[in-house]
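Visitor: Heads up: the first sequence begins at 1 in full-length UniProt numbering, then just goes up one per residue. For every residue, glycine included, the Cβ atom is placed at its ideal position computed from N, Cα and C.
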Amino acid sequence: MSRLILHIDLDAFYAAVEQRDHPEWRGRPVVVGAEPGQRGVVATCSYEARRFGVHSTMPIAQAVRRLPPETVYVRPSMARYAKVSQQVMGVLETVSPVVERVSIDEAYLDVSGLTSLVGPPAVIGAQVKERIRHAVGLTASVGIGPNRLIAKLASDAQKPDGLTVVPPEQIGGFLAPMPFTVLRGIGVKTAPRLERLGVKTIGDVRQLPLETLRHHLGARTGTQVYQQARGLADDRIDPDRPRRSISREMTFPEDVSDPRMLEKTLRWAAQEVGSIARQTQHLGRVVTLKIRFHPFETHTRSRTLEVPTADDVALFGAAWSLFAAEPWSGRPVRLIGLGISGWSATDGGVQRDLFETAAPEPCPEHDRLAATLDAIRNRFGADDIQRGLNRRSPGSGSARRRSRYSHRT
DNA sequence: TCTGGGGTCCTAGGACCC
DNA sequence: TCTGGGGTCCTAGGACCC
Numbered sequence: 001m002s003r004l005i006l007h008i009d010l011d012a013f014y015a016a017v018e019q020r021d022h023p024e025w026r027g028r029p030v031v032v033g034a035e036p037g038q039r040g041v042v043a044t045c046s047y048e049a050r051r052f053g054v055h056s057t058m059p060i061a062q063a064v065r066r067l068p069p070e071t072v073y074v075r076p077s078m079a080r081y082a083k084v085s086q087q088v089m090g091v092l093e094t095v096s097p098v099v100e101r102v103s104i105d106e107a108y109l110d111v112s113g114l115t116s117l118v119g120p121p122a123v124i125g126a127q128v129k130e131r132i133r134h135a136v137g138l139t140a141s142v143g144i145g146p147n148r149l150i151a152k153l154a155s156d157a158q159k160p161d162g163l164t165v166v167p168p169e170q171i172g173g174f175l176a177p178m179p180f181t182v183l184r185g186i187g188v189k190t191a192p193r194l195e196r197l198g199v200k201t202i203g204d205v206r207q208l209p210l211e212t213l214r215h216h217l218g219a220r221t222g223t224q225v226y227q228q229a230r231g232l233a234d235d236r237i238d239p240d241r242p243r244r245s246i247s248r249e250m251t252f253p254e255d256v257s258d259p260r261m262l263e264k265t266l267r268w269a270a271q272e273v274g275s276i277a278r279q280t281q282h283l284g285r286v287v288t289l290k291i292r293f294h295p296f297e298t299h300t301r302s303r304t305l306e307v308p309t310a311d312d313v314a315l316f317g318a319a320w321s322l323f324a325a326e327p328w329s330g331r332p333v334r335l336i337g338l339g340i341s342g343w344s345a346t347d348g349g350v351q352r353d354l355f356e357t358a359a360p361e362p363c364p365e366h367d368r369l370a371a372t373l374d375a376i377r378n379r380f381g382a383d384d385i386q387r388g389l390n391r392r393s394p395g396s397g398s399a400r401r402r403s404r405y406s407h408r409t
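1) Within its chain, find whatever has a CB closer than 7 Å to the CB of I276; leave out the 5 residues flanking it on each side and keep chain order.
2) Are H7 and A151 touching if we call contact CB-CB under 8 Å?
3) Please classify G162 as buried or exposed, where buried requires at least 16 other C-beta atoms within 10 Å of its C-beta.
4) Should F13 go down as buried or exposed, given a rule of 16 or more other Cβ atoms within 10 Å for buried?
5) Name, in chain order, the residues that DSSP records as bridge partners for E297.
6) Is the beta carbon of V72 less than 8 Å from the beta carbon of P36?
7) Output the residue ranges of the alpha helix (DSSP H) runs that lie fully inside the segment 67-154 and measure 4 residues or longer, sorted by chain position.
8) Is it right to say P115 is buried, meaning 16 or more other beta carbons lie within 10 angstroms of its own, or is it exposed?
9) Under 8 Å: do the segment 312-323 and the segment 256-266 share three or more Cβ pairs, one atom per stretch?
10) For the beta strand (DSSP E) that F252 lies in, which residues bound it at each end?
11) Based on the DSSP output, what are the partners of I8 in its beta bridges?
12) What's the gap between the Cα of S103 and the Cα of V54?
13) Answer with buried or exposed for H282, where buried requires no fewer than 16 other C-beta atoms within 10 angstroms of its C-beta.
14) Using 8 Å as the threshold, is the C-beta distance between G342 and T300 below it?
15) Buried or exposed for T298, going by 16 or more other Cβ atoms inside 10 Å?
16) With a CB to CB cut of under 7 Å and the five nearest residues on each side skipped, what residues in its chain are close to T334?
17) Assign G33 to one of three DSSP states: helix, strand, or coil.
18) Under three-state DSSP, which class holds P177?
19) So what does DSSP say about S2, is it helix, strand or coil?
20) Locate the beta strand (DSSP E) running through A15, then write down its first and last residues.
21) Which residues in the same chain as Q19 place their Cβ atom closer than 7 Å to its Cβ, once the five residues preceding and following it in sequence are excluded?
22) Tell me the DSSP bridge mates of G339?
23) Tell me the DSSP secondary structure of A310 in three-state form.
24) Starting from V273, trace the alpha helix (DSSP H) both ways and give me its first and last residue.
25) With distances taken from CA atoms, which of S112, E106, G113, N147 is nearest T139?
26) Taking the alpha helix (DSSP H) that A43 belongs to, which residues open and close that run?
27) If the criterion is Cβ atoms closer than 8 Å, does the pair I144 and V165 meet it?
28) Can you tell me the Cα-Cα spacing of A9 and V84, whole angstroms?
29) Nearest-angstrom Cα distance between A135 and D21?
30) Rounded to the nearest angstrom, what separates P209 and S2 at their Cα positions?
31) Pick from G187, D11, R101: whose alpha carbon is nearest that of residue 435?
32) Quick check: what's the CA-CA separation for S155 versus I124?
33) Could you check what DSSP says for R65 in three-state terms: helix, strand or coil?
34) Straight-line CA distance for V205 to E306?
35) Is Q386 helix, strand or coil by DSSP?
36) Counting along the chain, where does the beta strand (DSSP E) carrying L165 start and finish?
Encoded structure:
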């Protein structure tokens, strides 16, 4: 028996939340992302903006040139979107216990067992959409099929507010006319390799022998593309996929050469990463420094620690020593950031026992750091930075954190 | 036209060990 | 004085996804 997998995708999510919360913006192009005149890209835009050819990841300068004067530009408010996302995920869990959240606006559900209780797939899909609309006032596109690939492509097939069911016997006809670039793992680098073979659609891909695909795409991707072209893909939904890493990075409004500014930013990133790691009870051994120079030249340096940590100071220290060990000083920096990974002795990705022994130090730099970031807050990432600072403001975050750990000392 | 941020997974070379 | 094969860890980079 084949499974029944449902994919749900909230339509133009960030922009839809903004239009929901600002009725005067409804019917107008809304761009969520960088501000005009600044460095950055479109994160999401409303369907009114898409009509002008604007889309996610488009440089903001390019979007401005295409869009009319009545366009609304707004910076993302991730905290708000995360809250709405949580509500939606809660709704999904009322439909099926097997929900895998794949991003802030997407999830997969295994609804195999629901047909006898609820009805045919289309009824299940309609119910999901209606419950979301009722709970948060947003539309979603839903796709249903026998595996993740088909469900995902089905939800993409009709947008916004779509509902598409692809039964097993219709997979061949559903896939054949689609451009092969919709398959998983085909991006800007691998697409040209297939194009050179004269391939345009998934139907074309099906004409190629497995060996040809493996030769041109590599063994792994080649095999995967071969199977996907035949509608074969993973049908497992895992509600508890553990997180593998935590990271924070920042692109500066203008390139930065001042090492003190780089240090401060790295301290901020370390506090953010440390805070999330402690909240989610993760101790990591691998600290990674990420840095990007003009023109978009990106490097990473990582170090494996003797002792797993979630301590701000330890994270910063490791990253800063990685930075100091390189002959980079003086080069203007576009982006700097830090990440942690390599959980050890995991308990389903969470380390309760180990975590008990970790007593993170409050960062002594906090006040100066807060002042600096406040000064640049209006230029970029305002919401994210603000959230970070709120968490540590006197009387809230830091006080709570101290009291949480002091009784163990 | 200039390219955000937070992730996952894969590859490949070298070290090290048996 | 020459030198196999395999496994695992570490590190850097890259492709891709949302």
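Guide: Let's see:
1) I246
2) yes
3) buried
4) buried
5) F293
6) no
7) 78-95, 121-136
8) In the sequence as presented, Pro is not what sits at residue 115; that position holds Thr. When all chains shown are included, T115 counts as exposed.
9) yes
10) 245-256
11) A107, V142
12) 22 Å
13) buried
14) no
15) exposed
16) Sequence inspection shows Arg at residue 334; the Thr mentioned does not correspond to that position. The residues are T251, F252, D255, R292, F293, H294.
17) strand
18) coil
19) coil
20) Careful: A15 lies outside any beta strand (DSSP E), inside the alpha helix (DSSP H) at 13-21.
21) W25, R26, V30, S46
22) S247, T288
23) coil
24) 259-279
25) E106
26) No alpha helix (DSSP H) contains A43, which is instead part of the beta strand (DSSP E) from 42-45.
27) yes
28) According to the sequence as given, residue 9 is Asp; it is not Ala. Near 13 Å, if we compare the C-alpha coordinates of V84 and D9.
29) 14 Å
30) 26 Å
31) In the structure as shown, the chain starts at 1 and stops at 409, and residue 435 therefore has no counterpart that could be examined.
32) 14 Å
33) helix
34) 48 Å
35) Low confidence applies to Q386: its pLDDT is 33, below 50, so where it sits in the model is not reliable enough to give any reading.
36) Here the sequence assigns Val to residue 165, which means Leu is not the residue at that position. Residues 163-165.
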